[in-house]
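Peer 1:
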Amino acid sequence: MKKIVTTIGVFVLLFVSQNVFSQEKASIAQEANELFLNGETSTKNVKDNTIVFKGNVSLQCKSLSFEKADQVILHKNTNVIKIYNPKNLKIISVNALTKPQKKESEFITYNFKENTVIL
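If you use mature numbering (1 follows the signal peptide of the UniProt record, and there is no 0), the sequence shown corresponds to residues -22 to -1, 1 to 97, in order.
#1: Work out the CA separation of Leu13 and Cys39 for me, nearest whole Å.
#2: Measuring CB to CB, does Val50 end up less than 8 Å from Lys65?
#3: Return the residue from the list Asn55, Glu92, Asp48 that minimises the CA-CA distance to Lys25.
#4: Where does Lys91 sit, in a helix, a strand or coil, going by DSSP?
#5: Report the rounded CA-to-CA distance for Phe44 versus Asn93, giving the unit in angstroms.
#6: Straight-line CA distance for Leu15 to Asn23?
#7: Looking at Leu52 and Thr76, is the spacing between their C-beta atoms short of 8 Å?
#8: What do you get for Ile70, buried or exposed, if any count of 16 or more other CB atoms within 10 angstroms of its CB means buried?
#9: Among Lys81, Asn57, Glu18, whose alpha-carbon lies nearest the alpha-carbon of Gly33?
#10: Do the CB positions of Val58 and Val95 come within less than 8 Å of each other?
#11: What do you get for Ile(-15), buried or exposed, if any count of 16 or more other CB atoms within 10 angstroms of its CB means buried?
#12: Look up Gly17 in the DSSP assignment and say whether it is helix, strand or coil.
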């Protein structure tokens, strides 16, 4: 009888510990996706669901960082950030980096959901 209770106790502890540790890993992964945007002025457009940062804009996240950009537009619906004239652009880790042969636009596009950059 004592062996049965001990065996059941061990299995209960194993299942409980797996659930606790898996939740902890999920919360760590969510924290790693944080974006820190800072600028002199910001304007929120509720209709388009965008935020426009202007004047010495800086961004820090796990994938890239830059300083002193002229303007940054954050599109919440499409998970895209458009970056205009950044200084000290550092690409740390992205899933895809695309540089078209012909420069199609005057901004850099960063999709933070898919973790891709188009220069």
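Even glycine gets a Cβ: it sits at the ideal position worked out from N, Cα and C.
Peer 2: If we stick to the structure as given:
#1: On the sequence shown, residue 39 is found 61 positions in, with the first residue counted as 1. On the sequence shown, residue 13 is found 35 positions in, with the first residue counted as 1. Cα to Cα, the separation comes out at about 5 Å.
#2: Within the sequence shown, numbered from 1, the residue matching residue 50 stands at position 72. Within the sequence shown, numbered from 1, the residue matching residue 65 stands at position 87. It is not a contact, given that the beta carbons lie outside the stated cut-off.
#3: Here residue 25 corresponds to residue number 47 of the sequence shown, with the count starting at 1. Ranking the options by Cα distance to Lys25, first place goes to Asn55.
#4: Along the sequence shown, one-based indexing puts residue 91 at 113. Coil, per DSSP.
#5: By one-based count along the sequence shown, residue 44 stands at place 66. By one-based count along the sequence shown, residue 93 stands at place 115. Approximately 16 Å, taken between the alpha carbons.
#6: If you number the sequence shown from 1, residue 15 lands on position 37. If you number the sequence shown from 1, residue 23 lands on position 45. One C-alpha to the other measures close to 17 Å.
#7: Here residue 76 refers to the residue found at position 98 when the sequence shown is read from its first residue. Here residue 52 refers to the residue found at position 74 when the sequence shown is read from its first residue. The answer is no: Cβ separation not under 8 Å.
#8: As a working mapping, residue 70 is identified with position 92 in the sequence shown. With fewer than 16 Cβ atoms within 10 Å of its Cβ, Ile70 is classed as exposed.
#9: Taking the sequence shown and counting its residues from 1, one reaches residue 33 at position 55. Gly33 has its Cα closest to that of Glu18, out of Lys81, Asn57, Glu18.
#10: Taking the first residue of the sequence shown as position 1, residue 58 is located at position 80. Taking the first residue of the sequence shown as position 1, residue 95 is located at position 117. Cβ distance not < 8 Å, so Val58 and Val95 don't count as in contact.
#11: In the sequence shown, counting from the first residue as 1, residue -15 sits at position 8. Under this definition Ile(-15) is an exposed residue.
#12: Taking the sequence shown and counting its residues from 1, the one referred to as residue 17 is at position 39. Gly17: coil per DSSP, three-state reduction.
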